[in-house]
Amino acid sequence: KQEVTQIPAALSVPEGENLVLNCSFTDSAIYNLQWFRQDPGKGLTSLLLIQSSQREQTSGRLNASLDKSSGRSTLYIAASQPGDSATYLCAVGGGADGLTFGKGTHLIIQP
Amino acid sequence: DGGITQSPKYLFRKEGQNVTLSCEQNLNHDAMYWYRQDPGQGLRLIYYSQIVNDFQKGDIAEGYSVSREKKESFPLTVTSAQKNPTAFYLCASTRQGANQPQHFGDGTRLSIL
């Protein structure tokens, strides 16, 4: 059964720093990996989706990488801002039958 | 604007009562999903549906039921058999295809009276 682990569970950094969030998964037979952002009491906002054949995806200050063979993904956030404070969730997809999620990284950017 | 609407935002259940959570989407997506989120936990899949009149159990389907009579709607019923229903429930949808991103509603928070 697929398991997804996110490290660290929580992170607090000063504004302006570059940071990396980590995600690992146990079964490399995935179709894609998706990174989401969740604000308190809200639903999930999709940030980036990396297909299994891709190595990375970029959107603005966000860059996500995927190493399927080692079961790892990273989310890089450049020049962090207080508005980036949220919980970041990593999820892997096995096709059309839903996603398997990690527990998330709670990120706080100090002004 | 297209999106996913979940209602109500907050719901309270009495002992022995069934309650139904609504999920409606106007994105013309084929597949819809229900997830449960407990504090400090990731999301867990309850049920999903890839086409109208068809749905499959996820990892934690016991105590829940669903229907998919219309493409736009995928209601979730939390039955009295679900002994620990207090959680945040999230509905999602996606286009057909293995590499389509899932889009989420704003969730329903269910509590026990």
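Protein chains in written order, with this note's numbering: chain A, 1 to 111; chain B, 112 to 224.
Positions of the beta carbon are idealized from the N, C-alpha and C atoms, including for glycine.
- DSSP, reduced to helix, strand and coil, places Gly-83 of chain A within a helical segment of the structure shown.
- Residue pairing of Asn-63 of chain A in beta bridges, as defined by DSSP: A:Thr-58, A:Tyr-76.
- A distance below 8 Å between beta-carbons, with the five flanking residues on each side excluded, links Asn-32 of chain A to the following residues of its chain, in chain order: Leu-49, Ile-50, Gln-51, Ser-52, Val-92, Gly-93.
- In the structure shown, Val-163 of chain B falls within a coil segment according to DSSP collapsed to helix, strand and coil.
- C-alpha of Lys-103 of chain A to C-alpha of Gln-152 of chain B: approximately 5 Å in a straight line.
- For His-106 of chain A, the enclosing beta strand (DSSP E) starts and ends at 105-110.
- Chain-order list of chain B residues neighbouring Gly-43 of chain A: Leu-201, Phe-215, Gly-216, Asp-217, Gly-218, by C-beta distance under 7 Å.
- In the DSSP annotation of this structure, the continuous segment of the beta strand (DSSP E) that includes Ala-198 of chain B starts and ends at 198-205.
- Here Ser-80 of chain A is near Gly-16 of chain A, since their CB atoms are less than 8 Å apart.
- No Cβ of chain A is located within less than 8 Å of the beta carbon of Pro-186 of chain B.
- Taken atom to atom, the span from the alpha-carbon of Glu-180 of chain B to that of Pro-111 of chain A is near 49 Å.
- In this structure, DSSP gives Thr-116 of chain B an extended state, which the three-state scheme calls strand.
- Note that the segment 209-223 of chain B does not touch the segment 156-170 of chain B; fewer than 3 beta-carbon pairs, one per stretch, sit closer than 8 Å.
- Judged by DSSP secondary structure, Pro-14 of chain A falls within the beta strand (DSSP E) whose first and last residues are 10-14.
- Identification of chain A residues near Gln-152 of chain B by a Cβ-Cβ cut-off of 9 Å yields Phe-101, Lys-103, Gly-104, ordered along the chain.
- The beta carbon of Glu-183 of chain B sits closer than 7 Å to those of Glu-135, Gln-136, Asn-137, all from its chain and outside the five residues before and after it, given in chain order.
- In this structure, the alpha-carbon of Ala-64 of chain A lies about 34 Å from that of Tyr-121 of chain B.
- In the assembly as shown, Gln-117 of chain B is a buried residue. Its beta-carbon has 16 or more other beta-carbons within 10 Å.
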